[in-house]
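Here's the structure, in structure tokens; my notes come after.
Set out below in structure tokens:
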């Protein structure tokens with residue numbers, strides 16, 4: 001699965017109206033970042049929390065469009081609060097698929113049947129994303145706030161210049177009773193993340209339904225204990241979440257990523273179920289190799305191109321894939 005596909009990139013919003021939106025600036029940022037071989041830890045951090053970085057600039061704000069690539073509903077009569085929940089849940093589920101190789105969707109409605117992810121774990125991760133200044137209902141056409149205006153000179157901006165071009169996101173005033181249809185962004189805008197001054201309260205939702213919160217316990221941002229301890233130095237926001245994901249001690253991020261690289265070059269990953277490293281997924285065919293690739297990725301300072309080069313120059317990759325009917329009969333999966 002390519003990054004754009006896994007990021008659910010599209011030029012329309014989906015759902016019934018499937019209206020146009022303008023995310024091409026994020027797409028171009030993505031292509032440039034990959035071509036420039038931006039270290040994977042920085043690449044992920046900017047997409048998860050580029051607006052929260054102390055040295056944030058225009059490019060890091062654009063990067064957060066990753067978390068606005070979800071479908072947006074603009075159907076008249078829709079309930080905004082319901083769709084805000086859908087958007088936030090989508091971000092949690094996408095993070096699970098892309099970085100953790102886990103199917104978190106199950107735990108939105110109940111404790112995961114197979115993996116050690118409780119329903120409360122889902123909503124604690126949900127809390128990291130439940131403070132975006134967005135409306136549940138999209139405009140008739142164009143981008144939905146928060147978005148930023150894109151200067152015409154943006155493709156030629158240097159990193160030094162970009163720090164002086166940090167437009168304030170256009171956002172909405174979120175009202176609990178009703179949210180008016182927001183003003184739409186034109187083609188020279190890009191949707192980004194921008195936090196509310198006060199985060200929305202997060203509760204476990206009974207069966208995942210937006211209007212059935214269990215208000216007996218307010219849940220705060222946290223990660224599943226089974227996936228490693230939280231460093232007290234990390235802030236309890238999306239920036240801290242990105243630091244947790246890219247911690248060299250994290251048990252999954254590096255393994256999931258190098259497995260996708262292997263899948264890209266060989267057709268199958270060392271873990272064939274590349275989006276499910278959980279109990280229901282398949283075991284790695286070569287666990288020691290997977291572990292070595294993951295540690296090598298970290299040792300090479302998250303250098304994507306170095307890892308691709310390592311794989312394609314290996315003796316394994318350079319072997320011939322030519323086969324015969326007889327060999328296929330004897331060993332069809334080799």
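Numbering (full-length UniProt numbering), first residue to last: 1 to 334. Beta carbons: idealized from backbone N, C-alpha and C, even for Gly.
query: So what's residue 195 in DSSP terms, helix, strand or just coil?; result: strand
query: For the UniProt domain "DUF1549" (3-133), which segments carrying the alpha helix (DSSP H) assignment without a break, of at least 4 residues, lie completely within its bounds, in sequence order?; result: 3-6, 24-35, 40-49, 58-63, 80-95, 106-109, 119-129
query: I want to see whether chain C comes within less than 9 angstroms of residue 31, judged by CB atoms only; does it?; result: Here there is only one protein chain, and chain C is not present.
query: Below 8 angstroms on the Cβ atoms is my contact criterion, and I expect residue 222 with residue 44 to pass it. Report the Cβ-Cβ distance as a whole number of Å.; result: Not really, about 19 angstroms apart at Cβ, beyond 8 angstroms.
query: Would residue 79 and residue 134 be called neighbours here (beta carbons separated by less than 9 angstroms)?; result: no
query: In angstroms with no decimal places, state the Cα-to-Cα distance between residue 239 and residue 245.; result: 10 angstroms
query: Rounded to a whole number of angstroms, what is the C-alpha to C-alpha distance between residue 313 and residue 266?; result: 13 angstroms
query: Excluding the 5 residues preceding and the 5 following residue 92 in the sequence, name in chain order all residues of the same chain whose CB lies nearer than 7 angstroms to its CB.; result: 104, 122, 125, 126, 129
query: Could you give the residue range of the alpha helix (DSSP H) that holds residue 304?; result: 304-312
query: According to DSSP, simplified to helix, strand and coil, what is residue 259?; result: helix
query: Relative to the alpha-carbon of residue 305, which residue among 39, 25, 73 has its alpha-carbon at the smallest distance?; result: 39
query: Compute the beta-carbon to beta-carbon distance between residue 102 and residue 277, rounded to the nearest angstrom, for a pair I have assumed lies under 8 angstroms.; result: 6 angstroms
query: Whole angstroms are fine: how far does the CA of residue 321 sit from the CA of residue 109?; result: 45 angstroms
query: Output yes or no for whether 9 angstroms exceeds the beta carbon distance between residue 237 and residue 53.; result: no
query: Which one of 49, 228, 13, 233 has the shortest CA to CA distance from residue 139?; result: 13
query: What distance in whole Å lies between the Cβ atoms of residue 270 and residue 284, which are believed to be in contact at a cut-off of 8 angstroms?; result: 5 angstroms
query: Hey, would you say residue 34 sits closer than 9 angstroms to residue 252, going by beta carbons?; result: no
query: Would you list the one or two residues that DSSP bridges to residue 205?; result: 213
query: Residue 116 and residue 256 - do their beta-carbons sit closer together than 9 angstroms?; result: no
query: Hey, could you find the ends of the alpha helix (DSSP H) residue 277 is sitting in?; result: Here residue 277 belongs to no alpha helix (DSSP H), and DSSP marks it neither H nor E.
query: When you compare only the Cα positions, how much space is there between residue 339 and residue 317?; result: Since the displayed the chain opens at 1 and closes at 334, residue 339 lies outside it and no answer follows.
query: Considering only C-alpha positions, which residue in the set 326, 26, 74 is nearest to residue 20?; result: 74
query: Going by other Cβ atoms of all chains shown within 10 Å of its Cβ, with 16 needed for buried, is residue 179 buried or exposed?; result: Summary for residue 179: the model assigns pLDDT 47, below 50, so the residue's position carries little reliability; its value from the coordinates is reported in the next sentence. The residue in question, residue 179, is buried, as its Cβ has 16 or more Cβ neighbours within 10 Å.
query: With the cut-off set at 9 angstroms, would you say residue 94 and residue 229 are in Cβ contact?; result: no
query: Count the other CB atoms within 10 Å of the CB of residue 26; is the residue buried (16 or more) or exposed (fewer)?; result: buried
query: Using the C-alpha atoms, what's the distance from residue 29 back to residue 2?; result: 15 angstroms
query: Indicate whether residue 9 and residue 86 have their beta-carbon atoms separated by less than 9 angstroms.; result: no
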